[in-house]
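Chemist: Chains as they are written, first to last, in the numbering used here: chain H, 1 to 599; chain V, 1001 to 1399.
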Amino acid sequence: MDSARIRNFSIIAHIDHGKSTLADRLLERTGLLTSREMQDQVLDDMELERERGITIKARAVRLAYRAKDGKDYVLNLIDTPGHVDFSYEVSRSLAACEGAILVVDAAQGVEAQTLANVYLALDNNLEIVPVLNKIDLPAAEPERVCQQIEDVIGLDASNAVLASAKQGIGIDEILERIVTDIPPPKGDASAPLQALIFDSWFDPYHGAVVLVRVMNGVVKKGERVRLMAAERDYEITRIAVLAPGPREVAELGPGEVGVLMASIKEIADAKIGDTVTHTQRRAAAPLPGFKAVKPMVFSGLYPADTGQYEALRTAVEKLKLNDSSFSYEPESSIALGFGFRCGFLGLLHMEIVRERLEREFGLALITTAPTVAYRVTTTAGTTLMVDSPAKLPPVQTVERIEEPIIRATIHLPAEYLGAILKLCEDKRGRQREIKYIGENRVMLVYELPLNEIVIDFYDRLKSISKGYASLDYELEDFVPSDLVKLDIRINGDVVDALSMIVHRERAYMRGRDLASKMRELIPRQMFEIVIQASIGTKVIARETIKAVRKNVTAKCYGGDISRKRKLLEAQKEGKKRMKQVGRVEIPQEAFLAALKVEQ
Amino acid sequence: MTSQAVALYVHIPYCLAKCPYCDFNSYAARVWPEDAYADALLAELAHATREGIFPRGVARSIFFGGGTPSLFAPRTIARLLDGAARELAIASDVEITLEANPGTVDEERLAGFVAAGVNRLSFGIQSFHPELLLALGRRHSVEDSLRALAAARAAGVANLSLDLIYAVPGESLDACTADVARAVDIGPEHVSAYNLTYEKGTALFRDLQEGRVDPAPEELEVAMFHLVRDRLGAAGYAQYEISNYAQPGREARHNQAYWRGTPYLGLGAGAHSFVPRDGRAVAAATSDPADGASYGTRWETLRDPNRYMESIRASGAAIASREELTRAQAMGEACWLGLRERRGLDAQQFAARFATALGDAFPHVDELLADGLVEWHEPYLRLTTQGLLVADTVFASFQ
């Protein structure tokens, strides 16, 4: 195919600003689906994604469009996820494009989530076509929002398309602008094959399936190819384009986007960002930008009902097939029984995984407090990675603990600078760079301990900046830090599932908050319950829950018996969902509290 | 007819006013269809015994509860008791109780009940403090109570019970002490002393939810529980159930029937009935006694008096809901109902009824013993004093 007739683009938008609706309109206008056939939101095809309004995995759709110049074009719409946890995936999707449509709500203006992706798009040298959506709303203020785009992003918005995806306004102009404004892909069909993997998923019949954008060369069915980072060779069994369902094609040339099937057994071998080349005629180098995605945040997942352990095992195995950034290994807890220590990209990823396990596999789960992986050197000189408080060696054998430090890049409107600087300092951050971009925008670079980020940094950042600050981060280094293991003891017994590794300065506050949360959440029992937060043997906070003194139904005659029995049965059912530590019954909410304690 | 002991309950759902704490099936009324309602009660009784729904055993107790049964005329009560004697054998020493409200009776009326066959009266006195009666929404006065109790004695009632309620919002420990002393002075044969409960669906419960009443603190409830128990005990009223006290031999036989799994037939709107089935009967009826077999039937009639009467007229029965007890449910019930009595749960009877030793059915009894919540007094397993106060927690472990 003549790459001059190809346009690869993605849509950047904040949640609710109309990305899915616009995508639908583009599909509809290019004749892919009639509106009757169309589901509400074609691109967000996982139930969970639709509810959360975010697209978790990238997708691509090939549109056929005859432009006003009378020529036929192939437009590949490449969808991207929209959260800091998935910024690497987003960057690879954007790397597959030459341009992006920036959708901004004409009433609400630019929002933070948009910004992070706009900067990524600009980093990837994408041509950006601004679109003001929802101009049909009475509250629409296109002039103000155009000005804002210029001020905040530094992008000329004078030629922005005025559109309403809902009403079908401006759709034709957007399609034209994709053709006229976004450059066609460059690429050499005769060069050695270089195809960028920007998405992959597991198909029960075809194994791991990869979605690629060919940069150079041509890939054909039956050829042997090599995945350069995975260092593995496969034979291409099938090639398809998504329009939007798969349509088989014989080959993909420069600029084209499609699916390769090659009986790849493990999703872990189909790494996003990897380069596909020919086994025989290899490219001299892989495409730039590949990063091995590693879990950054770890937590224990336990079945609320211990009888569901096997079901949970099956579920995590299945989930892992489709999600190479998720990891798991068996773990056991005195309080919670058998479960898994799981690794995630970040807190959102963790939440999504938990919800999918609960929803798609019908499990009820308890999650323990998230932690990062620490590097521990023992007095014997060995080094180990500790991703769970339970794995921390005894304190007397620990030579030093190092914690992961990230380099965080925060873009923010200048008016929030003070509050965000304070937040970064509170989170033990070290400022590396502060730069004004234009009049009202600031870029901050901070070194921050990852464990401070995983708790609530992103939420706090968004709330402080009313959503306008954006965050991007990457792991930088491990540095020695004064970290301690904080334990919660209930009537003397350490509740292992509540232990956490924290900075010594934080331990007192965390311990006090957690102990007081426990006091609220643990119901009174037949005996006094003493809750202590401790570091080693040193108690730093103490709460008590008084024993139930009186719990007796005064009246029970003929007409009361059935009702009373049902109450007792319900009580027993409720107890089943409690976890027992020593003799104390602890409700599940108490374990969740460890995730939510304010710092 | 068999020699099996049974109990008969007759529900009179009408009251002059609904008390704010009351969650019984009762309706405030100025007038009530006394004859029609009595017709329905008799028709229901005849249907239940003739259709084999309820065994034609020997009635050892009959209880008129409400509502306010003392609103019904003595001749109506007489008619109902005559009807009962036609359908069931009546034990020679039968206990026939009628609940009465102090404000609704005089000596003549009470004598009428006695003449009809009633030999035990239970008065809803609740308190001897005007301000606590007000807090409870009671319409009678302290004087009404004293008059009614004296009238009952004058009418020849030899077996008198009175109800007290303690831990009423605003009640002090002194007021509670005074109420118990006053009750002891009057010298009834039986006292029921209930800790006030806030039952869902009552006006009092709503008041509590919406912060209009200040409930007694737990510590005070505990103190009152001990006080009531100690004072009544010292005056010769032994605690024989969590809230019930009696002079020797004056325990309410009717209520014991509920706690001991005796068959009881409840007549009237919203009344409950129970027919147990022991292990032997289950084994005879099914080859698979462990699974799914019924160890007893309990049913409730329609709660609305008019719908109840209509249904009885149409079919002789007015069942609103019915449940078959599984073996586990029946065993659990037997335990915690038995433990309500101070003498405790009869382990021999349990073993005979379920063909399983108590300790095999509920191995956790050992833990309860170790925790000092229950104790053996062969053949009875009973709550300790410590266990009494947290009885519901103990009960929950059986269900």
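Every residue gets a Cβ at the ideal spot worked out from N, C-alpha and C, and that includes glycine.
As the structure is a computational prediction, the values presented were derived from the model and not from experiment.
State the DSSP-derived secondary structure class of A1040 (chain V), mapped to helix, strand or coil.
Modeler: Three-state result, A1040 (chain V): helix.
Chemist: Hey, is R519 (chain H)'s beta-carbon within less than 8 Å of any beta-carbon in chain V?
Modeler: R519 (chain H) does not count as touching chain V.
Chemist: Can you tell me whether R92 (chain H) is buried or exposed? The criterion is at least 16 other CB atoms within 10 Å of its CB, across all chains shown.
Modeler: buried
Chemist: Considering R1353 (chain V), what are the terminal residues of the alpha helix (DSSP H) in which it resides?
Modeler: 1347 to 1354
Chemist: If you measure beta-carbon to beta-carbon, which residues of the region 544 to 573 of chain H are closer than 7 Å to chain V?
Modeler: V548, R549, K550, N551, V552, T553, A554, K555, C556, Y557, G558, G559, I561, S562, R565, L568, E569, Q571, K572
Chemist: Can you have a look at G558 (chain H) and say buried or exposed, based on whether 16 or more other CB atoms are within 10 angstroms of its CB?
Modeler: Taking a 10 Å sphere around the C-beta of G558 (chain H), we find 16 or more other C-beta atoms and assign the residue as buried.
Chemist: Going by C-alpha to C-alpha distance, which of V:C1176, V:G1344, V:A1089 sits closest to L1133 (chain V)?
Modeler: V:C1176
Chemist: Anything in the region 1146 to 1179 of chain V with a Cβ closer than 7 Å to a Cβ of chain H? List those residues in chain order, please.
Modeler: none
Chemist: What residues from chain V crowd round M526 (chain H), counting only those whose CB sits closer than 7 Å?
Modeler: V1390, T1393
Chemist: In chain order, what residues of the region 1345 to 1363 of chain V put their CB closer than 9 Å to some CB of chain H?
Modeler: none
Chemist: Give me the chain H residues within the contact set of Y1009 (chain V), using Cβ-Cβ distance strictly less than 9 Å, ordered along the chain.
Modeler: Y557, G558, G559
Chemist: Need the endpoints of the alpha helix (DSSP H) that I1186 (chain V) sits in, please.
Modeler: 1173 to 1186
Chemist: Only counting the same chain, and skipping five residues up and downstream in sequence, which positions put a Cβ closer than 7 Å to that of V209 (chain H)?
Modeler: S200, W201, D203, V259, M261
Chemist: Residues of chain H with a CB under 8 Å from the CB of E1219 (chain V): which are they?
Modeler: R549
Chemist: Got a sec, what are the start and stop residues for the alpha helix (DSSP H) W1336 (chain V) sits in?
Modeler: 1327 to 1340
Chemist: Please decide whether Q1256 (chain V) counts as near chain H, where near means a Cβ-Cβ distance under 8 Å.
Modeler: Output row for Q1256 (chain V): interface = no.
Chemist: Taking the alpha-carbon of V104 (chain H) as reference, which of H:L448, H:P184, H:D79, H:L22 has the nearest alpha-carbon?
Modeler: The option with the nearest alpha carbon to V104 (chain H) is H:L22.
Chemist: Is DSSP giving L252 (chain H) helix, strand or coil here?
Modeler: strand
Chemist: Can you check the region 147 to 225 of chain H for any alpha helix (DSSP H) of at least 4 residues that lies completely inside it and give the ranges in chain order?
Modeler: 171 to 181
Chemist: Using only the heavy atoms of the ligand COA, determine whether one of them is closer than 7 Å to the beta carbon of L1339 (chain V).
Modeler: The model on display carries no ligand, and the ligand COA is accordingly not part of it.
Chemist: From L1146 (chain V) to Q1126 (chain V), what distance separates their C-alpha atoms?
Modeler: 12 Å
Chemist: Apart from the five residues on each side of it in sequence, which residues of its chain come closer than 7 Å, Cβ to Cβ, to A1017 (chain V)?
Modeler: A1028, R1139
Chemist: Which residues, taken in chain order from the region 1224 to 1251 of chain V, show a beta carbon closer than 9 Å to some beta carbon of chain H?
Modeler: F1225, E1241, I1242, S1243
Chemist: Write down the C-beta distance between S470 (chain H) and A116 (chain H) rounded to the nearest angstrom, noting that I regard them as a contact closer than 8 Å.
Modeler: The pair is a contact, with the Cβ atoms about 4 Å apart (cut-off 8 Å).
Chemist: Round the Cβ separation of L605 (chain H) and S325 (chain H) to the nearest angstrom and send it over; I've been treating them as touching at under 8 Å.
Modeler: Residue 605 (chain H) lies beyond the stretch modelled for chain H, which goes from 1 to 599, so this question has no answer here.
Chemist: Tell me whether D1214 (chain V) is buried or exposed, calling it buried when 16 or more other Cβ atoms sit within 10 Å of its Cβ.
Modeler: exposed
Chemist: What residues of chain H sit near Q1399 (chain V), judged by a beta carbon separation below 7 Å?
Modeler: R565, L568, E569, K572
Chemist: Just tell me which of V:D1039, V:A1355, V:R1340 has its CA closest to the CA of S1311 (chain V).
Modeler: Ranked by Cα distance from S1311 (chain V), the options V:D1039, V:A1355, V:R1340 are led by V:D1039.
Chemist: What is the residue span of the alpha helix (DSSP H) that A1285 (chain V) lies within?
Modeler: 1279 to 1285
Chemist: Which residue from H:M526, H:K538, H:R519 puts its Cα closest to that of R504 (chain H)?
Modeler: If we check each option's Cα against that of R504 (chain H), H:K538 comes out closest.
Chemist: Identify each residue in the region 1185 to 1197 of chain V for which the Cβ-Cβ distance to at least one residue of chain H is less than 9 Å, and report them in chain order.
Modeler: S1192, A1193, Y1194, N1195, L1196, T1197
Chemist: Give the residues of chain H in contact with Y1264 (chain V), contact being defined as C-beta atoms less than 8 Å apart.
Modeler: Close to Y1264 (chain V), with beta-carbon spacing below 8 Å, are these residues of chain H in chain order: G558.
Chemist: Between T383 (chain H) and the rest of its own chain, which residues show a CB-CB distance below 8 Å, the 5 nearest in sequence each way excluded?
Modeler: Around T383 (chain H), the same chain offers R375, V376, T377 as residues with beta carbons nearer than 8 Å, after the five sequence neighbours per side are excluded.
Chemist: If you draw a straight line from the alpha carbon of T55 (chain H) to that of K19 (chain H), how long is it in whole angstroms?
Modeler: Residue confidence is low: T55 (chain H) scores 39 on pLDDT, short of 50, so the model does not pin down where it sits. Its coordinate-derived value is still stated next. Rounded to the nearest whole angstrom, the C-alpha separation of T55 (chain H) and K19 (chain H) is 10 Å.
Chemist: What is the rounded straight-line gap between the Cα of D1082 (chain V) and the Cα of L1337 (chain V)?
Modeler: 32 Å
Chemist: Are three or more beta carbon pairs between the region 1109 to 1126 of chain V and the region 1151 to 1158 of chain V nearer than 8 Å?
Modeler: yes
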